[in-house]
Structure formats: C-alpha cells, structure tokens
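Line by line, the protein sequences are chains A and B. Note that the working numbering has the first sequence beginning at -14, numbered continuously upward. Note that the working numbering has the second sequence beginning at 10, numbered continuously upward.
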Amino acid sequence: MILGFSLAFLLTAALTIAGALAAALLKNLVHCALSLTVTFAGLALLYLQLDAQFAGFSQILVYIGAVAILVVFAILLTRGAGVPEYRGFSTSWFFGLVIASAIFALLTWAVVRSLPAKSAVAAPSITVQSIGASLMSTYVLPLEIVAVVLTVALIGAVIVAMPESRTPKSEAESSGGK
Amino acid sequence: MNPLAAYLVVAALVFAIGLAISLTRRNAILVLIGIELMLNAANLNLIAFWRFSPHTAGHGDGLTGMMFAIFSIAVAAAEAAVGLGLIIAYHRHTKTTDLDAMTRMKG
C-alpha cells in the first residue's frame, strides 16, 4: 500500500498511462498501435480490479482482439508507396496541448473537490449468469438495437472501403487523371 | 484519497491524452486512436461509478452501469470499423492519410 492505494492499482494505472503517452509521442505508426494495445490491456486490468470481470474480458476480446487488429490493418493498407510522414504533429500542436491540459485540470479539480475523502462500498456480487439473464430480459431491446447497429455499421464499413465499381465517369477520370 | 477519485483521475488523464492525440497529430489513423482512448476513458468512468455506487437503492438489479459500459464497448467497435473504412476509402482516392493534406471533399 502506497498512499492508500494497492500496488496493483498503481502499476496498472502507470501501465495504462504510459501506453497512452507512448501512443501520443511515438513517430512510427505501428509503434503507436502497439502502445495503444498496451493501454487497452491496462484498462482491462483496471476493470478486473473493479470487480467487473465480464467487462474486463469483453475489453480484451473487443479491443485487443478486434480494434487493435483493425487499426494495424488500416495502417498496413494505407501505407502506400508514398513517403513516410515524419513530421507527425500539426502546426497548431501547442494549442491542442493547452486545451487537453486545461480539460484534464478541470476534470481533476472537479473530481477531487466533489468526492468525499473516504467511502467504502461492498463489491457488487454480479455473476456472468445474471448478466446474461438480464441481457435477455431487462435489456433485450438495447441488445437487439446494438445488434442492428453493429450489422449496419460493419456492412457500411465494408461498402465504404470496397473498391468502387467502374462507372464511365470514373473510368474517364482515372484514364485522364493518371 | 477516495478510490473512486483515483480511478476517475486515471480516466481523466487517459481522456486528456486521447484529446491531445486527436488535436495534435496529423495522421488520420492516430486521430481515430485518440478517439478510441477517449471512449475508453468514458468506459472506465462508467465501471468505476458502477463499482463504488451503493447497490441497495433499488435501481433495477444493480447492473445498469455495467450494461452501459458493455453497450458502449459494442458501439465503439462499430465506430472504429466505420472510421477506418472511411480512412481507407479516402486513401484510395488521394494516397494520403495526412489530415493537413485532406483539403477537398470531392472524390
């Protein structure tokens, strides 16, 4: 226990934040994606410490298993024959940094000011069985809507990313443009 | 320090880093990474509030915050897929993912 926190919390919080900082500062895009994965893993560990086992393993499955792989694929697909972009920060980076630090200061000030010093709440006893039961009863309508949203979004993403069919206009454009 | 406050400060830091990535980096994929970090910070807030709220108040079955986070994870996955699809489509037309070079909307 350091400063009232368990060592596990401090280690996972440091891992999460270090991964996020590395994603913000590294130059190579693949390195950024890998440190993003580290951040996702750290967040999953934080969920596990918060007794949210189902959310933690969902985080590992969805983010590390799917989103990180998707990001890596997008990096590989968009890394054409073009020159690598080593000037990685925009010209107005200073203002972005100021805005982000101001928001962090505001959030931290609000959190530290508004919460009481100590509160001990018993861990909620939630089993995966109860989550499944309420997904099928109380939350069945949101579940169906999320299923529709996921289907539509994935079909839409495939259609957007698909090579366009050759219409006469694009034919003329590509033959004239290239 | 309150354990809830500690988790909220960690989430605020992750949110601020995600916002800084979105505002300062020039690559479109990195901007999407920043948005993912911000969504994850929101999820961490949801789970932390769910964990440290009293569950005897009779609001449903004590699962509401957890369900909110799980649905948020699902929607974030859909958002990532659509965003990366858009970036790939734009890259096919202009051969760049540099946001400063994305100055036209015509395909």
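From the three backbone atoms N, C-alpha and C, an ideal C-beta is built for every residue, glycine too. This structure is a prediction, so every number in the text was calculated from the model and none was measured.
Own chain residues within Cβ distance below 8 Å of A:His16, not counting five before or after: Translated into the one-based positions of the first sequence, residue 16 of chain A becomes position 31. When the five nearest sequence neighbours on each side are left out, the beta carbons in the same chain lying within less than 8 Å of the beta carbon of A:His16 are those of Ala7, in order along the chain.
Span of the alpha helix (DSSP H) holding A:Phe(-10)? Within the first sequence, residue -10 of chain A is the residue found at index 5, counting from 1. In the DSSP assignment, A:Phe(-10) falls outside any alpha helix (DSSP H), carrying neither H nor E.
From A:Val143, A:Gly4 and A:Gly81, pick the residue whose C-alpha is nearest to that of B:Ser138; which is it? What is shown of chain B runs 10 to 116, which leaves residue 138 of chain B out entirely.
Would you kindly work out how many angstroms separate the C-alpha atoms of B:Ile38 and A:Leu62, rounded to a whole number? Counting from one through the second sequence, the residue named residue 38 of chain B turns up at place 29. Counting from one through the first sequence, the residue named residue 62 of chain A turns up at place 77. If I take the Cα positions, the gap works out to 11 Å.
Give the straight-line distance between the Cα atoms of A:Gly67 and A:Ala(-7), rounded to the nearest whole angstrom. Here residue 67 of chain A is taken as the residue at index 82 of the first sequence, counted from 1. Here residue -7 of chain A is taken as the residue at index 8 of the first sequence, counted from 1. Note that A:Gly67 scores 48 on pLDDT, short of 50, meaning its location in the model is unreliable and no value can be drawn from it.
Have a look at A:Asp36, A:Leu0 and A:Leu35 and flag the residue whose alpha-carbon is nearest the alpha-carbon of A:Ser170. In the structure as shown, chain A begins at -14 and stops at 163. Residue 170 of chain A is therefore absent and cannot be evaluated.
Quick one: Cα of B:Leu41 to Cα of B:Ala86, how far? Reading the second sequence from its first residue, position 32 is the one you call residue 41 of chain B. Reading the second sequence from its first residue, position 77 is the one you call residue 86 of chain B. The C-alpha of B:Ala86 is placed about 12 Å away from the C-alpha of B:Leu41.
Residue range of the alpha helix (DSSP H) that includes A:Ser110: Mapped onto the first sequence, residue 110 of chain A falls at position 125. Per DSSP, A:Ser110 belongs to no alpha helix (DSSP H) and is neither H nor E.
Measuring alpha carbon to alpha carbon, tell me which residue in A:Pro148, A:Ala107, A:Gly50 and A:Leu100 is nearest B:Pro63. Taking the second sequence and counting its residues from 1, the one referred to as residue 63 of chain B is at position 54. The shortest C-alpha separation from B:Pro63 is found at A:Ala107.
Cutoff 8 Å: B:Ile82 Cβ touching any chain A Cβ: Within the second sequence, residue 82 of chain B is the residue found at index 73, counting from 1. Output row for B:Ile82: interface = yes.
Of all the CB atoms in chain B, is at least one closer than 8 Å to the CB of A:Ala8? The sequence position of residue 8 of chain A within the first sequence is 23, counting from 1. Yes, because at least one Cβ of chain B sits closer than 8 Å to the Cβ of A:Ala8.
DSSP state of A:Asn13 mapped onto helix, strand, coil: Taking the first residue of the first sequence as 1, we reach residue 13 of chain A at position 28. Per DSSP, reduced to three states, the secondary structure at A:Asn13 is coil, with no helix or strand assignment.
Between A:Ile88 and chain B, is there a C-beta pair that is closer than 8 Å? Residue mapping note: residue 88 of chain A aligns to position 103 of the first sequence, counting from 1. Taking 8 Å as the CB threshold, A:Ile88 lines the interface with chain B.
Determine the extent of the alpha helix (DSSP H) in which A:Gly41 is found, giving its start and end residues. Position 56 of the first sequence, counted from the first residue, corresponds to residue 41 of chain A. Per DSSP, A:Gly41 belongs to the alpha helix (DSSP H) from Gln38 to Gln44.
Three-state secondary structure assigned by DSSP to A:Arg64: Sequence index remark: in the first sequence, residue 64 of chain A carries index 79 (1-based). Correct three-state label for A:Arg64: coil.
Say whether chain A places a C-beta atom closer than 8 Å to the C-beta of B:Arg113. For this step, residue 113 of chain B is matched to residue 104 along the second sequence. No, no contact with chain A.
With three or more beta-carbon pairs closer than 8 Å as the criterion, would you say the region 127 to 143 of chain A touches the region 14 to 21 of chain B? Touching, no.
At a Cβ cut of 8 Å, what residues of the region 49 to 61 of chain B count as close to chain A, listed as they run along the chain? Taking 8 Å as the Cβ-Cβ cut-off, the region 49 to 61 of chain B approaches chain A at Asn49, Asn52, Leu53, Ile56, Ala57, Trp59, Arg60 and Phe61, given in chain order.
If the cut-off is 8 Å on Cβ atoms, which residues from the region 27 to 56 of chain A count as contacting chain B, listed in chain order? Per Cβ criterion, the list reads Leu28, Leu31, Tyr32, Leu35, Asp36, Ala37, Phe39, Ala40, Ser43, Gln44, Val47, Tyr48, Ala51, Val52, Leu55 and Val56.
Taking just the CA atoms, how far does A:Phe58 sit from A:Thr76? Start at 1 with the first residue of the first sequence, and residue 76 of chain A comes out as number 91. Start at 1 with the first residue of the first sequence, and residue 58 of chain A comes out as number 73. Going by the C-alpha atoms only, they are around 28 Å apart.
Closer than 8 Å to chain B by CB, A:Gly117: As a working note, residue 117 of chain A is residue 132 in the first sequence. Chain B contact via Cβ: absent.
How many Å lie between A:Tyr32 and B:Ala15 at the Cα? Residue numbering aside, residue 32 of chain A sits at position 47 when the first sequence is read from its first letter. Residue numbering aside, residue 15 of chain B sits at position 6 when the second sequence is read from its first letter. Their Cα atoms are separated by approximately 13 Å.
Nearest neighbour of B:Ala98, chosen from A:Val47, A:Ala(-2), A:Leu(-5) and A:Ala146 [CA to CA]: The residue given as residue 98 of chain B occupies position 89 in the second sequence. Ranked by Cα distance from B:Ala98, the options A:Val47, A:Ala(-2), A:Leu(-5) and A:Ala146 are led by A:Ala146.
Cα separation between A:Ala26 and A:Leu126? Here the question's residue 26 of chain A lines up with position 41 in the first sequence. Here the question's residue 126 of chain A lines up with position 141 in the first sequence. Cα-Cα distance, rounded: 30 Å.
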